[in-house]
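2 protein chains.
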Amino acid sequence: MLYTASFSKLIDIFSKMPGVGSKSAVRMAYHILSLSAEETDEIINAIKDAKQKIHYCSVCQNITETDPCEICSNDKRDSSILCVMEKPKDVIALEKTREYFGMYHVLHGSISPMDGIGPEDLKIKELLSRIAEGDFKEVIMANSPSIEGEATAMYISKLIKPFGVKVSRIAYGVPVGGDLEYADQVTLAKAIEGRREI
Amino acid sequence: MLYTASFSKLIDIFSKMPGVGSKSAVRMAYHILSLSAEETDEIINAIKDAKQKIHYCSVCQNITETDPCEICSNDKRDSSILCVMEKPKDVIALEKTREYFGMYHVLHGSISPMDGIGPEDLKIKELLSRIAEGDFKEVIMANSPSIEGEATAMYISKLIKPFGVKVSRIAYGVPVGGDLEYADQVTLAKAIEGRREI
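Heads up: the protein sequence lines correspond to chains S and P, in order. Just so you know, this note's numbering puts the end of the first sequence at 198, numbered straight through with nothing missing. Just so you know, this note's numbering puts the end of the second sequence at 396, numbered straight through with nothing missing.
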């Protein structure tokens, strides 16, 4: 055995992080060993803090520390337009364009029968009650341009139509089969601008 | 502000890890949020455990959970030959070649006046008392093939010579200016095999 038990465990922990290969995991484990007690506590507290303080906004389902979140409680935003997104990262990506000032709703995934994810696993129920109770003029379906994202957008748009709200889909400015969070800001802004009714 | 305070802190913590860029740090922070309470505890405990259990071997100064370490307490190893290395990672790299069966001594760095690291910051005192008390036939200086590593090897070899022990330097099979831990196993084994007396 080349590494001691607790060191192997530490490497193993880091290997499980997204985008971390075995060499990086070893470097990160050595990094932990080189830290002072204070620096180690800082890491542990940051993890604990994030887990304790961050939860879903009761309105838009995005991650937040306050409830409602900063966007939902910001009265300068346009509350007549609602953008439906797959995940919190997508909200960040769209916010960075500085071209959208409406509200958000985060579904936390896409319908994907292959992965056992059905409509009941997403925040669709919450979306429909917001639309029923709210006064939205338009709902933009900004699901990812993947097969699952497209299917989810179509599924949800059919549920929204009876409420008499205009439903649109972001334009295919974003590359097909790609991931929304990696789209550049100009492309993403163009996709919002060129949205079409469905 | 795009991220909440505790989420930004978490991203910041991961950004400080070696080899982790800003996009990776964000992905890792989201990964933490997606974990269950048990999985989070597993990470925290792994970090705490590693910090508590891992210390330096009182003999070779390598990192270990037992004292002496597994290599120092293994009586099947050749206790007449001592390999001096810069860091624990280098020991792992040489162990992987399965070509060396002697003992180790880890210096924990190189003499580097530019970075304010002098001989007293390395485990040189411990090395000299091992050589004085032990019965080594040969000491292999396996410092990295960098300017600092070479200078450290020369400095230490001059201190060892009076003890009448043969001192050798690993052959320049390892690429000059490189880092020992990234050398491939064949090259590293050849470097040990082609060592020359200094």
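Just so you know, even glycine gets a beta-carbon here, dropped at the ideal spot from N, CA and C. A quick note: this is a predicted structure, and the numbers were derived from the prediction, not measured.
Taking 9 angstroms as the cut-off, the beta carbon of Ala142(S) is found closer than this to the beta carbon of Ile192(S). DSSP assignment within the stretch 310-350 of chain P yields the following whole beta strand (DSSP E) runs of 3 residues or more, N-terminal first: 336-339. Taking a C-beta cut-off of 9 angstroms against chain S, none of the residues of the stretch 340-353 of chain P qualify.
The residue from Glu126(S), Ser6(S), Tyr100(S) and Thr66(S) with its alpha-carbon nearest to that of Ala203(P) is Thr66(S). At a beta-carbon threshold of 8 angstroms, the residues of chain P lying near Met28(S) are Met215, Pro216, Gly217 and Val218, ordered along the chain. Listed along the chain, the chain S residues whose CB falls inside 7 angstroms of the CB of His229(P) are Met17 and Pro18. For Lys335(P), no chain S residue has a Cβ inside 9 angstroms of its Cβ, as the nearest lies near 26 angstroms away. Between Gly149(S) and Glu86(S) a beta carbon distance of about 6 angstroms is seen, short of the 8 angstroms cut, so the two are scored as contacting.
A straight line joining the alpha-carbon of Tyr353(P) with that of Ser308(P) spans about 10 angstroms. For Leu280(P), the secondary structure class from DSSP, reduced to helix, strand or coil, is strand. Of the candidates Ile92(S), Pro113(S), Cys60(S) and Glu120(S), Cys60(S) places its Cα closest to the Cα of Val106(S).
Its Cα nearest to that of Ala183(S), the residue Pro145(S) stands out among Asp41(S), Pro145(S) and Met17(S).
Counting every other CB atom within 10 Å of its CB across the protein chains shown gives Phe334(P) a total of 16 or more, marking it as buried.
An exposed status is given to Met114(S), since fewer than 16 other beta-carbon atoms sit within 10 Å of its beta-carbon.
Put simply, the CB of Thr385(P) is far from chain S, with every gap to its CB atoms at 9 angstroms or more. Chain-order list of chain S residues neighbouring Ser204(P): Asp49, Ala50, Lys53, Ile54 and Glu65, by C-beta distance under 7 angstroms.
Under the three-state reduction of DSSP, Met215(P) is assigned to coil, being neither helix nor strand. Excluding sequence positions up to five before and after Lys294(P), its CB lies within less than 7 angstroms of the CB of Gln383, all in the same chain and listed in chain order.
Minimum Cα-Cα distance from Leu233(P) among the listed residues Lys48(S), Lys76(S), Ile147(S) and Val26(S) corresponds to Lys48(S). For Val224(P), the enclosing alpha helix (DSSP H) has its first and last residue at Ser220 to Ser232. Distance from the CA atom of Thr262(P) to the CA atom of Gln52(S), rounded to whole angstroms, is 34 angstroms.
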